[in-house]
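Right, here's the structure in full:
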């Protein structure tokens, strides 16, 4: 009885999660400007989208920031996760743990406001950043993405078999060598998914970017937000369809990649045991 | 390449201890500067006064005739407590976040249970299906609900055409829409920790319970739920804490009477340009959330250490 109830809830829950997105996709091909009334198939809103320069500029800004923030946060997040998972407790390790978990739940308005006030105070004190823009958004995104990357990489680090690392160390490899030759190749799938997660989080952020942005650094969510405030429009539906499709492809590709890596790892392990 | 070799040589020469400290220092300093220090500045500015200047607040410390004057202005806090708007906004944010968290738990728990009991091959696909929406744009997913809920939206059109109602039901710009939005956006964050916790569950305990004659409902509430307590707490904190400070959802789906503190902070900052009051609003929000945040932190750490 409970079994079938939970199964039913699963399907209802998935329907709840996907129905709104399906509706968006279907109505992005609607001929009419009235989004909720079907008036025939058309792809004209996609063409309209391509002619919207303001939007395309914002897409460029967003992609640039997301790429740089994801890359920086993978470096910082991996270092943080490695320190927490492999180093024995040191003075301040509790604080580091706290600074890794707190950003995961911190309301965005608080993070955004606090970073803006920091940048303003720094500009007064040391004269940098002279103005806010792409760099300040990049710093803000790198900071909160670092926490997510650290969690993803950290769980992989605690899961993995430490005996390989220990064996390398016993055979005389320096810690740096162990990290680059043993640990890094094993946690690569986690780095990839951490990078992708950071990339999508940065691409999606409205609130924090709104606080720390300046003139000329409008990101995609800001443009979408200002037009969504005015109501629904078929262009936004078309844009949503493109975003949903790209993300779906990206997530499935990374899932497939992770599964292949995992499978070949298991195969190698089995082969090693047999020989 | 020469640079790389020089760095490598330095690494080898300075020895393990210095490398270790260097490795710790990089993420540590970054997070200290860009996550912790900002809160101190918010606290400082919450004691300042608004001024028409750049930046738009007064300095706390002034130096006059050899006297260092520190001027702590408690006016912003007094103002927050004197105006009903803020108190109501805090209370209704907590109420809305609590109800949404509970709804997420009620919907997410059976979903997580069903996924954890699915065969190994479908389990991963189901999990992926749950996570996927949270990877696509948050803004877009909230936007989707405007079209669904508005007076001439999909639900009303459907019900009208079926003859079930005579005039559209007002759903958009109400608290109901805010609940729908929060549950929709945060449901995956509830399911993930629950699922992770259920996968660690020792199944022999569940079997023992049913072998001893407990009904499935008894087993659920006396064995499975208590054993997945950590997942329940983690999931609830992941939903509750950010939901209290939510801005986008009440802004797009809520009505004028939907008061949420994240929206109030945004308006103080962007519309009224009152940075000190916005800072005071943030400090009180943090004070309210510090206990849930520390609770979440402890649960996270315990799970990291157990693994």
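Protein chains in written order, with my numbering: chain A, 273 to 547; chain B, 23 to 329. Note that the Cβ used here is the ideal one computed from N, Cα and C, for glycine as well.
Review point. What are the residues that DSSP puts in a beta bridge with residue 302 of chain A?
Key: In DSSP, residue 302 of chain A forms a bridge with A:313.
Point to revise | 9 Å Cβ cutoff, residue 184 of chain B in contact with chain A | key: No, no contact with chain A.
Review point. Three-state secondary structure (DSSP) at residue 338 of chain A?
Key: Collapsing the DSSP output to three states places residue 338 of chain A in a helix.
Exercise for review: Flag residue 133 of chain B as yes if its beta-carbon sits less than 9 Å from any beta-carbon of chain A, otherwise no.
Suggested key: Residue 133 of chain B counts as touching chain A.
Check your understanding: So, do the stretch 152-169 of chain B and the stretch 295-308 of chain A have three or more beta carbon pairs nearer to each other than 8 Å?
Key -> Because the criterion of three Cβ pairs below 8 Å is met, the stretch 152-169 of chain B and the stretch 295-308 of chain A touch.
**Study point:** Three-state class that DSSP yields for residue 89 of chain B in the structure shown
**Key:** In the three-state DSSP reduction, residue 89 of chain B falls in the strand class (E or B).
Point to revise | C-alpha gap between residue 319 of chain A and residue 337 of chain A, whole angstroms | key: C-alpha separation (whole angstroms): 26 Å.
Review point. What span of residues does the alpha helix (DSSP H) with residue 543 of chain A cover, start to end?
Key: Note, residue 543 of chain A: alpha helix (DSSP H), 506-546.
Check your understanding: Taking the Cβ atom as the reference point for each residue, do residue 458 of chain A and residue 432 of chain A lie within a distance shorter than 9 Å?
Key -> In contact: residue 458 of chain A and residue 432 of chain A (Cβ atoms closer than 9 Å).
Exercise for review: Count the C-beta pairs between the stretch 434-447 of chain A and the stretch 225-240 of chain B that are closer than 8 Å, then say yes if the count reaches three, no if not.
Suggested key: By the Cβ rule, the stretch 434-447 of chain A does not count as touching the stretch 225-240 of chain B, because fewer than three pairs are nearer than 8 Å.
Review point. Does residue 527 of chain A have its Cβ less than 9 Å from a Cβ in chain B?
Key: Yes, because at least one Cβ of chain B sits closer than 9 Å to the Cβ of residue 527 of chain A.
Review point. Exposed or buried, which one is residue 382 of chain A when buried takes at least 16 other CB atoms within 10 Å?
Key: Of the other Cβ atoms in all chains shown, 16 or more fall within 10 Å of the Cβ of residue 382 of chain A; this residue is therefore buried.
Check your understanding: When the Cα of residue 357 of chain A is compared with those of A:423, A:312, A:460, which residue comes out closest?
Key -> Of the listed residues, the one whose Cα sits closest to residue 357 of chain A is A:423.
Practice item. Would you kindly work out how many angstroms separate the C-alpha atoms of residue 503 of chain A and residue 76 of chain B, rounded to a whole number? Key: Straight-line spacing of the CA atoms in residue 503 of chain A and residue 76 of chain B works out to 34 Å.
Review point. So, does the CB of residue 279 of chain A fall closer than 9 Å to a CB anywhere in chain B?
Key: Yes, residue 279 of chain A counts as interfacial toward chain B.
Check your understanding: Under a CB-based cut-off of 9 Å, is residue 378 of chain A close to chain B?
Key -> For residue 378 of chain A, the nearest beta carbon of chain B is closer than 9 Å to its own beta carbon.
Review point. To which residues of the same chain is residue 295 of chain A closer than 7 Å at the C-beta, ignoring the five residues directly before and after it?
Key: By the criterion of a C-beta distance shorter than 7 Å, residue 295 of chain A is surrounded by no residue of its chain, once the five residues flanking it on both sides are discounted.
**Study point:** Terminal residues of the alpha helix (DSSP H) in which residue 130 of chain B lies
**Key:** Start and end: 106-139.
Practice item. Leaving aside the five residues before and after residue 542 of chain A along the sequence, list all residues of the same chain whose C-beta is less than 8 Å from its C-beta, in chain order. Key: Answer for residue 542 of chain A: no residue qualifies.
**Study point:** Partner residues on chain B for residue 375 of chain A, Cβ-Cβ distance less than 8 Å
**Key:** 57, listed in chain order.
Exercise for review: Give a yes or no on whether the minimum CB-CB distance between residue 307 of chain B and chain A is below 9 Å.
Suggested key: Cβ-Cβ to chain A under 9 Å: yes for residue 307 of chain B.
**Study point:** For residue 186 of chain B, the nearest candidate out of B:66, B:79, B:178 (CA to CA)
**Key:** When only C-alpha atoms are compared, the closest one is B:178.
**Study point:** CB contact check: residue 72 of chain B to chain A, cutoff 9 Å
**Key:** No - not a single Cβ of chain A is within 9 Å of the one on residue 72 of chain B.
Point to revise | Rounded C-alpha distance that separates residue 313 of chain B from residue 235 of chain B | key: Rounded to the nearest angstrom, the two C-alpha atoms are 40 Å apart.
Exercise for review: Using alpha carbons as the reference points, say which of A:417, A:461, A:329 lies closest to residue 489 of chain A.
Suggested key: When only C-alpha atoms are compared, the closest one is A:329.
Exercise for review: Could you please give the first and the last residue of the uninterrupted alpha helix (DSSP H) stretch that includes residue 494 of chain A?
Suggested key: That run of the alpha helix (DSSP H) goes 492-500.
Check your understanding: Between the stretch 163-197 of chain B and chain A, which residues of the former have CB atoms less than 7 Å from a CB of the latter, in chain order?
Key -> For the stretch 163-197 of chain B, which is checked against every Cβ of chain A, the residues closer than 7 Å are 163, 165, 166, 167, 168, 169, 170, 174, 175, 176, 179.
Check your understanding: Is the shortest distance between the beta-carbon of residue 290 of chain A and the beta-carbons of chain B less than 9 Å?
Key -> Yes, because at least one Cβ of chain B sits closer than 9 Å to the Cβ of residue 290 of chain A.
Review point. Where does residue 464 of chain A sit, in a helix, a strand or coil, going by DSSP?
Key: Per DSSP, reduced to three states, the secondary structure at residue 464 of chain A is helical.
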